[in-house]
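*Asks:* At position 203 of the sequence shown the residue is numbered 498 (the working numbering), and the sequence of numbers has no breaks.
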Amino acid sequence: MTTLRRRLPDIVQYSVLSLAAFLSIFPFIWMVIGATNTTSQIIRGKVTFGTALFDNIASFFAQVDVPLVFWNSVKIALVGTALTLLVSSLAGYGFEMFRSKLRERVYTVILLTLMVPFAALMIPLFMLMGQAGLLNTHIAIMLPMIASAFIIFYFRQASKAFPTELRDAAKVDGLKEWQIFFYIYVPVMRSTYAAAFVIVFMLNWNNYLWPLIVLQSNDTKTITLVVSSLASAYSPEYGTVMIGTILATLPTLLVFFAMQRQFVQGMLGSVK
296 MTTLRRRLPD
306 IVQYSVLSLA
316 AFLSIFPFIW
326 MVIGATNTTS
336 QIIRGKVTFG
346 TALFDNIASF
356 FAQVDVPLVF
366 WNSVKIALVG
376 TALTLLVSSL
386 AGYGFEMFRS
396 KLRERVYTVI
406 LLTLMVPFAA
416 LMIPLFMLMG
426 QAGLLNTHIA
436 IMLPMIASAF
446 IIFYFRQASK
456 AFPTELRDAA
466 KVDGLKEWQI
476 FFYIYVPVMR
486 STYAAAFVIV
496 FMLNWNNYLW
506 PLIVLQSNDT
516 KTITLVVSSL
526 ASAYSPEYGT
536 VMIGTILATL
546 PTLLVFFAMQ
556 RQFVQGMLGS
566 VK
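#1: Beta-carbon within less than 6 Å of residue 553's beta-carbon, same chain only, minus the 5 sequence neighbours each way: which residues are those?
#2: Use the C-beta contact count for residue 478: other C-beta atoms within 10 angstroms, 16 or more gives buried, fewer gives exposed.
#3: With a Cβ-Cβ cutoff of 9 Å, do residue 345 and residue 336 count as a contact?
#4: I'd like the span of the alpha helix (DSSP H) that includes residue 464, first residue to last.
#5: Using alpha carbons as the reference points, say which of 454, 342, 462, 468 lies closest to residue 386.
#6: Mind checking whether residue 436 and residue 498 have CB atoms under 9 Å apart?
#7: So, under 8 Å CB-CB, residue 449 and residue 491 are touching, yes? Tell me the CB distance rounded to an integer number of Å.
#8: Do residue 507 and residue 520 have their beta-carbon atoms positioned less than 9 Å apart in this structure?
#9: Where does residue 410 fall in DSSP's three states?
#10: Closest to residue 372 by CA distance: which of 405, 412, 501 is it?
#11: Once you ignore the five residues that flank residue 565 on each side, which residues in its own chain have a CB closer than 7 Å to its CB?
#12: Say the cut is 8 Å; is the CB of residue 487 nearer than that to a heavy atom of the ligand HEM?
#13: When you compare each of 546, 539, 417, 555 to residue 352 by their alpha carbons, which one comes out closest?
#14: How many angstroms separate the CA atom of residue 379 from the CA atom of residue 304?
#15: Would DSSP call residue 529 helix, strand or coil?
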């Protein structure tokens, strides 16, 4: 009885955590189950596996040029993420390492942009991209994301843990600032880069509103837009939509689980 009383808090804690985990993962489970059922079965709320999986897969591949839309999504996600990490980490490094009277004022202005909703920027950005002749291109999707205020803030905060002695020693050895950044800072802060990569990759992959506005032809659309168009049809085939949603979700799951340890280390601010 005494042992049960001692373990009761742990039992309650793990029970609550198990329930929360189940509620979190249930939508994905339901999506997988729905991919095996027909539209009418999904509408009726069937929560058991069906026999329409291969029909739904065939329907999705018949309606969607899967290699093309995946290539569009991968290109935007990877190139956009690489450019964002490069530019934003350089900015975060510069804000932390270099002293000036205007540094904090400029940094404050950058942080204030976080409070501006994207809806207020859509029309000016659309006009800007139109004047630059970049509408219906993937470059127009990536450009607004490159200088991310949040990622700049994240790298500056992480740079506070960077050993300044390494930078001083590198200067004594004659290294230039760009050499210190690429040869010393980047390897030391690799866990920070890993965490930022996961965050930015997911943002770029799941980006919906801005690509919906800019991309106008089917040849340039991403998997997110294609799945959304299938779901918004007059008579949507929900089983087909579930297949597309699963395929659109898999890359982000693979990236997160492949870099889970580095992501945790980066979010905790560890430096190696």
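Glycine included, every Cβ here is placed at the ideal spot set by N, Cα and C.
*Replies:* By the coordinates alone:
#1: none
#2: exposed
#3: yes
#4: 459-467
#5: 454
#6: no
#7: 6 Å
#8: yes
#9: helix
#10: 501
#11: Because residue 565 sits at a pLDDT of 48, beneath the cut-off of 50, its placement in the model cannot be relied upon, and the point is left open.
#12: Ligands in the displayed structure: none, and consequently the ligand HEM is not present.
#13: 539
#14: 45 Å
#15: coil
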